[in-house]
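Each residue of the sequence shown is one higher than the one before, counting from 120 in our numbering.
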Amino acid sequence: MIVVMKQGATQEQIDHMIQRVEQFGLRSHVIYGETRTVIAAIGEKRDEHRNSLESGPGVAEVVPILAPYKVASREVKPDPTTVRAGSLAVGDSYLGMIAGPCSVESEEQTVSAAKAVKAAGATGLRGGAFKPRTSPYSFQGMKEDGLKILATARQETGLAVVTEVVADTDVDLVARYADVLQIGARNMQNYRLLEAVGKQGTPVLLKRGASATMDELLLAAEYILNAGNPNVMLCERGIRTFESHVRFTLNLTSVPYLHDRTHLPVVIDPSHGTGHTNLVTRMAAAAVAAGADGLIVEVHPDPETAQSDGYQSLTFDQFDELMQLCNKVADAVGKKIVPNKE
Ligand code: PEP
Ligand code: MN
Numbered sequence: 120m121i122v123v124m125k126q127g128a129t130q131e132q133i134d135h136m137i138q139r140v141e142q143f144g145l146r147s148h149v150i151y152g153e154t155r156t157v158i159a160a161i162g163e164k165r166d167e168h169r170n171s172l173e174s175g176p177g178v179a180e181v182v183p184i185l186a187p188y189k190v191a192s193r194e195v196k197p198d199p200t201t202v203r204a205g206s207l208a209v210g211d212s213y214l215g216m217i218a219g220p221c222s223v224e225s226e227e228q229t230v231s232a233a234k235a236v237k238a239a240g241a242t243g244l245r246g247g248a249f250k251p252r253t254s255p256y257s258f259q260g261m262k263e264d265g266l267k268i269l270a271t272a273r274q275e276t277g278l279a280v281v282t283e284v285v286a287d288t289d290v291d292l293v294a295r296y297a298d299v300l301q302i303g304a305r306n307m308q309n310y311r312l313l314e315a316v317g318k319q320g321t322p323v324l325l326k327r328g329a330s331a332t333m334d335e336l337l338l339a340a341e342y343i344l345n346a347g348n349p350n351v352m353l354c355e356r357g358i359r360t361f362e363s364h365v366r367f368t369l370n371l372t373s374v375p376y377l378h379d380r381t382h383l384p385v386v387i388d389p390s391h392g393t394g395h396t397n398l399v400t401r402m403a404a405a406a407v408a409a410g411a412d413g414l415i416v417e418v419h420p421d422p423e424t425a426q427s428d429g430y431q432s433l434t435f436d437q438f439d440e441l442m443q444l445c446n447k448v449a450d451a452v453g454k455k456i457v458p459n460k461e
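Quick look at the structure:
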């Protein structure tokens, strides 16, 4: 942390703040500038004394310099993490390709989608059985029946199942069927749920809240990591902005930004991130070019009749085209889309 003193702060105030910094077990390094003095507070402890220091006499502000997250940070683990779950490998040189319907609607719908995305080269299957819907009157998902269908689809195709859990009380149930537990955007800051999936141990796909900052996303991941689960993938799925031509604004800056700060793999969701079928493939390719470690894409046998998110879902043929394009871009950036063998 840097303690920035006000212009004209007295030597007595500066000495007092040096003493305070040292009382907290931090080393102080004072820089006397032309108009202001700053005290660098150096040590392992990060933000915890920030508020106290900020209310000290003659202090203008306290600026954190180390990231507030620890276990997620590159400072603590410089090498990139590869998350493996059944057929899925995500991170480092592996580009995980997760595809499937927004919601599980029937065995035929999900199994046919699983077979089609597998044939096109996907390495994981998505499908929501517990759906967090904006309206209580919308389809809420098939719940455990949906999980059973996902298990059948895994049996038929060998694809790892990625599915959402919306409540801490459902974690054990969903984990019995899932290879990856998805935490949705609406639940990114549901800390009891984060702790529960952290304790449970199944790999997690953590989606960024639509209005969450990067630090909030990383601190949410920190909850899962701290609870003992090292297998966390971060997912950018678009944020709320003033732009109304797209459902959400897909922030691809997240990929290089997060790669600089965390060892955790970064997955991009170009389906929710755009909200329009015709934008998905090109944004998927752009995400791969930016260095994404995975994609999660909505694919439906008949988008027109989908119970949720049909307007952003690809047909089987469209997904096949997406895969062909993303394979070329992946090649160019040194990533491979292959099933996990370990
Ligand atoms: C989903 O993946 O279907 C979903 C509900 O996503 P999000 O949580 O990003 O809105
Ligand atoms: Mn959806």
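Glycine included, C-beta positions come from ideal geometry on N, C-alpha and C.
request  = Can you give me the start and stop residues for the alpha helix (DSSP H) that C221 sits inside?
outcome  = That residue, C221, is in no alpha helix (DSSP H); it is neither H nor E in DSSP.
query = What does DSSP give as the partner residues of Y213 in its beta bridges?
reply = Partner(s): G210 and K455.
message = Rounding to the nearest angstrom, what Cα-Cα distance links V236 and G265 in this structure?
response = Between the alpha carbons of V236 and G265 lies a distance of about 18 Å.
inquiry  = If distances are taken between C-alpha atoms only, which option among V299, R169, N170 and A286 comes closest to D280?
reply    = Residue identity differs from the one stated: residue 280 is Val in this sequence, not Asp. Checking every option, the nearest Cα to that of V280 belongs to V299.
request  = Taking only heavy atoms of the ligand MN into account, decide whether any of them is closer than 7 Å to the Cβ of E417.
outcome  = Proximity of the beta carbon of E417 to the ligand MN is indicated: a heavy atom of the ligand is located closer than 7 Å.
task = State buried or exposed for F361, treating a residue as buried only when at least 16 other CB atoms are found within 10 Å of its CB.
result = Exposed, by the Cβ-count rule.
query = Is H366 buried or exposed, if buried means 16 or more other CB atoms sit within 10 Å of its CB?
reply = Strictly speaking, residue 366 in this sequence is Arg, with His absent from that position. Classification for R366: buried.
ask   = What are the complete beta strand (DSSP E) segments, minimum 3 residues, inside the region 238-310?
value = Counting only runs that start and end inside the region 238-310, the beta strand (DSSP E) elements of at least 3 residues fall at 243-245, 279-283 and 299-302.
ask   = Are the region 195-205 and the region 220-230 touching by the rule of at least three beta carbon pairs closer than 8 Å?
value = Result no; under three Cβ-Cβ pairs closer than 8 Å.
key: For L313 and T321, the rounded distance between their alpha carbons   = Looking at the two C-alpha atoms, the distance is approximately 12 Å.
ask   = Buried or exposed: which applies to H148, given that a residue is buried once 16 or more other Cβ atoms fall within 10 Å of its Cβ?
value = Exposed, by the Cβ-count rule.
ask   = Is the region 158-169 touching the region 303-317, taking contact as three or more C-beta pairs under 8 Å?
value = Inter-segment contact for the region 158-169 and the region 303-317 is absent: fewer than three beta-carbon pairs are separated by less than 8 Å.
ask   = When we look at the beta-carbon of Y310 and count the other beta-carbons within 10 Å, is it buried (16 or more) or exposed?
value = Burial state of Y310 is exposed, judged by a 10 Å Cβ sphere holding fewer than 16 other Cβ atoms.
task = Compute the minimum distance between the beta carbon of H391 and the heavy atoms of the ligand MN, and state whether it is under 7 Å.
result = Result yes, Cβ under 7 Å from the ligand MN.
query = DSSP state of Y376, grouped into three classes?
reply = In the three-state reduction of the DSSP assignment, Y376 falls in the helix class.
inquiry  = Looking at E417: is its Cβ nearer than 8 Å to the Cβ of P220?
reply    = Contact flag set, yes.
task = Could you please go through the chain and list the residues whose beta-carbon is closer than 5 Å to any non-hydrogen atom of the ligand MG?
result = Only the ligand PEP and the ligand MN can be found as ligands here, which leaves the ligand MG out of the picture.
request  = Check whether the region 367-374 touches the region 397-411, counting contact only when three or more Cβ pairs, one atom from each stretch, lie closer than 8 Å.
outcome  = Yes: the two stretches touch, three or more of their Cβ pairs being nearer than 8 Å.
request  = May I ask you to verify whether the region 278-293 touches the region 243-251, counting CB pairs closer than 8 Å and requiring at least 3?
outcome  = They touch, by the three-pair rule.
query = Taking the beta strand (DSSP E) that L325 falls in, what are its first and last residues?
reply = Its beta strand (DSSP E) spans residues V323 to K326.
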